[in-house]
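Trainee: Sequences listed follow chains A and B, in order. Per my numbering, the first sequence starts with residue 7, numbered consecutively. Per my numbering, the second sequence starts with residue 24, numbered consecutively. The beta-carbon is built from N, C-alpha and C at its ideal position, and this holds for glycine as well. Have a look at this one.
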Amino acid sequence: MTATATAPVRERAWEVAASVLDPEVPVLTIEDLGVLRSVDVAGDGAVLVRITPTYSGCPAMDTIRADVERALAEAGFARVRVELVLAPAWTTDWMSEAGKRKLAAYGIAPPQTRDHSGVVSLSLSLRCPQCGSPDTRELSRFGSTACKSLWVCNACREPFDHFKAH
Amino acid sequence: MSTPQGSSSPPLRSSDEQPCGDPASLARYALCLGDDALVMAQRLGEWIAAAPQLEEDVALANIALDQLGQARSLLGYAGSLMQPTRSEDELAYFRDERDLRNVQLVERTWALPGGTGSDFGVTMARMLIWSTYQVELYSRLASSADETLAAIAAKAVKEVDYHRDHATMWVLRLGDGTEESRLRMQAGLEAEWGYVEELFDPSYVDQGLLANGVAVDPITLRDPWNSRIDSVLAEATLARPEVSPARGGGRDGIHTEQMGYLLAEMQHLARSHPGATW
């Protein structure tokens with residue numbers, strides 16, 4: 007196929023792959039999360055999708071890979087290959103602004119910038135995704151998944167997840 | 024190693040990347056680093072449902088998961104360079120003790136010498152020693168001439184940096200805490216210190232890999248490791264132990280008595296039901 011012929015195929019395949027939801031935070035698509043890196047049409051005509059993990063051990067990658075394959079198969083793409091790529095390493099900067107807004111609406115405080123100046127890197131103050139108060143504190147530096155920590159709001163007393171800056 | 028069937032995992036190396044240097048030496052190097060992370064993950068898993076507080080159960084499980092993820096990347100890459108190729112699961116589950124190349128620091132139980140139960144002071148001492156080493160290692164390996172190793176390290180360095188923060192906070196809290204917590208944190212350091220030397224022994228790294236900028240010379244990690252550890256110990260009011268180094272030999276497949284038990288638990292299911300999936 008020529009470049010002009012593959013471009014519409016690639017765009018359609020991207021749209022399908024980009025609609026796959028993250029299994030752990032099902033309000034975010036893998037595009038919002040920055041996990042979807044590229045969609046191309048390989049020389050043999052197969053759709054080549056590249057995804058990248060948030061954390062090395064993220065157990066959601068197997069599910070995401072299967073979901074991408076299924077979504078593309080259902081959309082009529084006969085041959086699909088999904089590759090896991092590590093470079094450049096994923097950071098929370100890959101998350102889209104739309105993704106951050108969706109996270110907050112879902113009740114998860116989106117990632118912020120970390121301060122690396124001290125012996126221990128500290129997260130700056132977070133706003134409670136429920137009531138908006140900046141008076142919050144970290145309960146646990148590790149949470150329900152590798153990408154989250156557990157916080158509580160001192161104002162409304164609600165506990166909440168924070169998607170860690172990474 | 025989420026399923027016992029490694030063949031289902033996609034290759035980690037993107038189809039654009041080519042390995043750099045002699046494949047056999049590179050495979051052996053990646054195997055050593057991968058075995059370190061694998062065995063650390065397995066040992067850490069013992070704390071799940073047994074840590075002093077619920078948050079710590081979650082923390083140690085998450086740290087174990089990061090280590091396991093790094094092990095998967097490194098072992099998957101090592102296996103792809105072998106002739107014939109081997110999957111990450113074949114390497115994790117179907118090698119015997121003498122074929123594992125991890126340092127002895129990561130394989131031992133969490134007990135104090137003469138004790139039986141897992142000790143949290145030992146755990147935090149080892150975590151500090153280990154994560155400080157891994158931060159120095161991965162931050163340099165991220166500029167390896169080998170693209171795949173560089174990518175794995177660039178990914179992992181942020182994870183181990185977080186582990187180091189966690190260990191540092193506990194060592195500060197316990198060291199500069201009560202009389203009892205200080206004694207136990209010091210005892211943990213004394214128990215682990217003999218196994219530090221092996222981390223910086225360069226004999227396992229192929230000279231060719233060093234010469235072409237693929238591998239990191241462990242000797243270069245020593246000074247930054249020392250300076251970081253010394254500043255944490257000073258702030259925690261703990262003394263740097265004076266302990267003679269253990270015999271070592273993990274990189275040559277020589278392991279401590281506790282390694283066999285760890286492998287029996289880790290490998291039992293895969294060996295009893297080869298090829299099983301769920």
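(1) Within 8 Å (strictly less), CB to CB, does proline 102 of chain A reach chain B?
(2) 8 Å is my cut-off, CB to CB: does serine 131 of chain A come that close to chain B?
(3) Note the first and the last residue of the continuous alpha helix (DSSP H) segment covering leucine 49 of chain B.
(4) Just checking my contact of serine 62 of chain A with glutamate 288 of chain B at CB under 8 Å: how many whole Å lie between their CB atoms?
(5) Which residues of chain B have a Cβ atom closer than 7 Å to the Cβ of histidine 172 of chain A, listed in chain order?
(6) Please return the same chain residues whose Cβ sits closer than 7 Å to the Cβ of valine 22 of chain A, not counting the five positions on each side in sequence.
(7) Under a Cβ-count criterion, where at least 16 other Cβ atoms within 10 Å of its own Cβ denotes burial, should isoleucine 86 of chain B be classed as buried or exposed?
(8) Aspartate 188 of chain B: which of B/Asp169, B/Trp153, B/Leu164 sits nearest, CA to CA?
(9) In chain A, which residues lie with their C-beta within 7 Å of the C-beta of aspartate 89 of chain B?
(10) Going along chain A in order, which residues have a C-beta closer than 8 Å to the C-beta of serine 96 of chain B?
(11) Could you spell out where the beta strand (DSSP E) holding arginine 143 of chain A opens and where it closes?
(12) Go ahead and label histidine 291 of chain B buried or exposed: buried means 16 or more other beta carbons lie within 10 angstroms of its beta carbon, across all protein chains shown.
(13) Valine 41 of chain A to isoleucine 57 of chain A, Cα distance in whole Å?
(14) Let me know if asparagine 125 of chain B comes out buried or exposed under the rule of 16 or more other beta-carbons within 10 Å of its beta-carbon.
(15) For chain A, check one thing: does any of its Cβ atoms lie closer than 8 Å to the Cβ of valine 81 of chain B?
(16) For the segment 189–204 of chain B, which residues have a CB atom closer than 9 Å to at least one CB atom of chain A, in sequence order?
(17) List, in order along the chain, the chain B residues whose C-beta lies closer than 7 Å to that of alanine 81 of chain A?
(18) Along chain B, which residues have their Cβ under 8 Å away from the Cβ of phenylalanine 169 of chain A?
(19) Count the other CB atoms, across all protein chains shown, that sit within 10 Å of the CB of glycine 231 of chain B; report buried if there are 16 or more and exposed otherwise.
(20) My understanding is that glutamine 127 of chain B touches tyrosine 218 of chain B, with C-beta atoms under 8 Å, so please give their C-beta distance in whole angstroms.
(21) Quick check: phenylalanine 169 of chain A and isoleucine 114 of chain A, are their CB atoms within less than 8 Å of each other?
(22) Under 8 Å Cβ-Cβ, which residues of chain A neighbour isoleucine 175 of chain B?
(23) For a test of the three-state rule: what should DSSP assign to lysine 181 of chain B, helix, strand or coil?
(24) Let me know if glutamate 202 of chain B comes out buried or exposed under the rule of 16 or more other beta-carbons within 10 Å of its beta-carbon.
(25) Would you call the segment 49–64 of chain B and the segment 129–136 of chain B in contact, with 3 or more CB pairs under 8 Å?
(26) According to DSSP, is arginine 85 of chain A part of a helix, a strand, or is it coil?
(27) Please compile the residues from chain A whose C-beta is within a distance smaller than 9 Å of the C-beta of glutamine 93 of chain B.
(28) Any beta-carbon of chain B closer than 8 Å to the one on glycine 149 of chain A?
(29) I want to know whether the segment 93–108 of chain A touches the segment 131–144 of chain A - three or more CB-CB distances under 8 Å.
Mentor: Inspection of the coordinates gives the following:
(1) Stepping through the first sequence from its first residue, residue 102 of chain A is reached at position 96. Looking at the sequence itself, residue 102 of chain A is serine, so the reference to proline does not match. Not one chain B Cβ lies under 8 Å of serine 102 of chain A.
(2) Here residue 131 of chain A is taken as the residue at index 125 of the first sequence, counted from 1. It does not; no Cβ of chain B falls within 8 Å.
(3) Here residue 49 of chain B refers to the residue found at position 26 when the second sequence is read from its first residue. Where leucine 49 of chain B is concerned, the enclosing alpha helix (DSSP H) stretches over 46–67.
(4) Position 56 of the first sequence, counting from 1, holds the residue named residue 62 of chain A. Position 265 of the second sequence, counting from 1, holds the residue named residue 288 of chain B. Between the beta-carbon of serine 62 of chain A and that of glutamate 288 of chain B there is about 23 Å, and that puts the pair past the 8 Å contact cut.
(5) Indexing the first sequence from 1 puts residue 172 of chain A at position 166. By Cβ distance, chain B contributes Lys181.
(6) Against the first sequence, residue 22 of chain A aligns to sequence position 16. Around valine 22 of chain A: Ala77, Leu78, Ala81.
(7) Indexing the second sequence from 1 puts residue 86 of chain B at position 63. Flag for isoleucine 86 of chain B reads buried.
(8) Here residue 188 of chain B corresponds to residue number 165 of the second sequence, with the count starting at 1. The residue with the shortest Cα to Cα distance from aspartate 188 of chain B is B/Trp153.
(9) Residue mapping note: residue 89 of chain B aligns to position 66 of the second sequence, counting from 1. Per Cβ cutoff of 7 Å: Tyr61, Ser62, Gly63, Ala152.
(10) By one-based count along the second sequence, residue 96 of chain B stands at place 73. Result: Ser62, Leu92.
(11) Here residue 143 of chain A corresponds to residue number 137 of the first sequence, with the count starting at 1. Unbroken beta strand (DSSP E) run through arginine 143 of chain A: 142–146.
(12) Translated into positions along the second sequence, residue 291 of chain B becomes position 268. The residue is exposed, with fewer than 16 neighbouring Cβ atoms inside 10 Å.
(13) Stepping through the first sequence from its first residue, residue 41 of chain A is reached at position 35. Stepping through the first sequence from its first residue, residue 57 of chain A is reached at position 51. Cα-Cα distance, rounded: 5 Å.
(14) One-based indexing of the second sequence puts residue 125 of chain B at position 102. Looking at its Cβ environment, which holds 16 or more other Cβ atoms inside 10 Å, asparagine 125 of chain B is buried.
(15) Translated into positions along the second sequence, residue 81 of chain B becomes position 58. Chain A, which has a Cβ nearer than 8 Å to the Cβ of valine 81 of chain B, makes this yes.
(16) His189, Thr191, Met192, Leu195
(17) Counting from one through the first sequence, the residue named residue 81 of chain A turns up at place 75. Those do not exist, as alanine 81 of chain A stays about 21 Å from chain B at its closest Cβ, beyond 7 Å.
(18) Working through the first sequence from its first residue, we reach residue 169 of chain A at position 163. Near phenylalanine 169 of chain A there are no residues of chain B at all, since even the closest Cβ is about 14 Å away, more than 8 Å.
(19) As a position in the second sequence, residue 231 of chain B is number 208, starting the count at 1. By the 10 Å Cβ count, glycine 231 of chain B comes out exposed.
(20) Reading the second sequence from its first residue, position 104 is the one you call residue 127 of chain B. Reading the second sequence from its first residue, position 195 is the one you call residue 218 of chain B. About 5 Å separates the two Cβ atoms, so the contact holds.
(21) On the first sequence, residue 169 of chain A is found 163 positions in, with the first residue counted as 1. On the first sequence, residue 114 of chain A is found 108 positions in, with the first residue counted as 1. It is a contact, given that the beta carbons lie within the stated cut-off.
(22) Stepping through the second sequence from its first residue, residue 175 of chain B is reached at position 152. Chain A residues near isoleucine 175 of chain B: Ser62, Leu92.
(23) Taking the second sequence and counting its residues from 1, the one referred to as residue 181 of chain B is at position 158. It is helical.
(24) By one-based count along the second sequence, residue 202 of chain B stands at place 179. It counts as exposed.
(25) yes
(26) In the first sequence, the residue the question calls residue 85 of chain A occupies position 79. Of the three classes helix, strand and coil, the one that applies to arginine 85 of chain A here is coil, per DSSP.
(27) One-based indexing of the second sequence puts residue 93 of chain B at position 70. By Cβ distance, chain A contributes Ser62, Gly63.
(28) Walking along the first sequence from the start, residue 149 of chain A turns up at place 143. Yes, its Cβ sits closer than 8 Å to a Cβ of chain B.
(29) no
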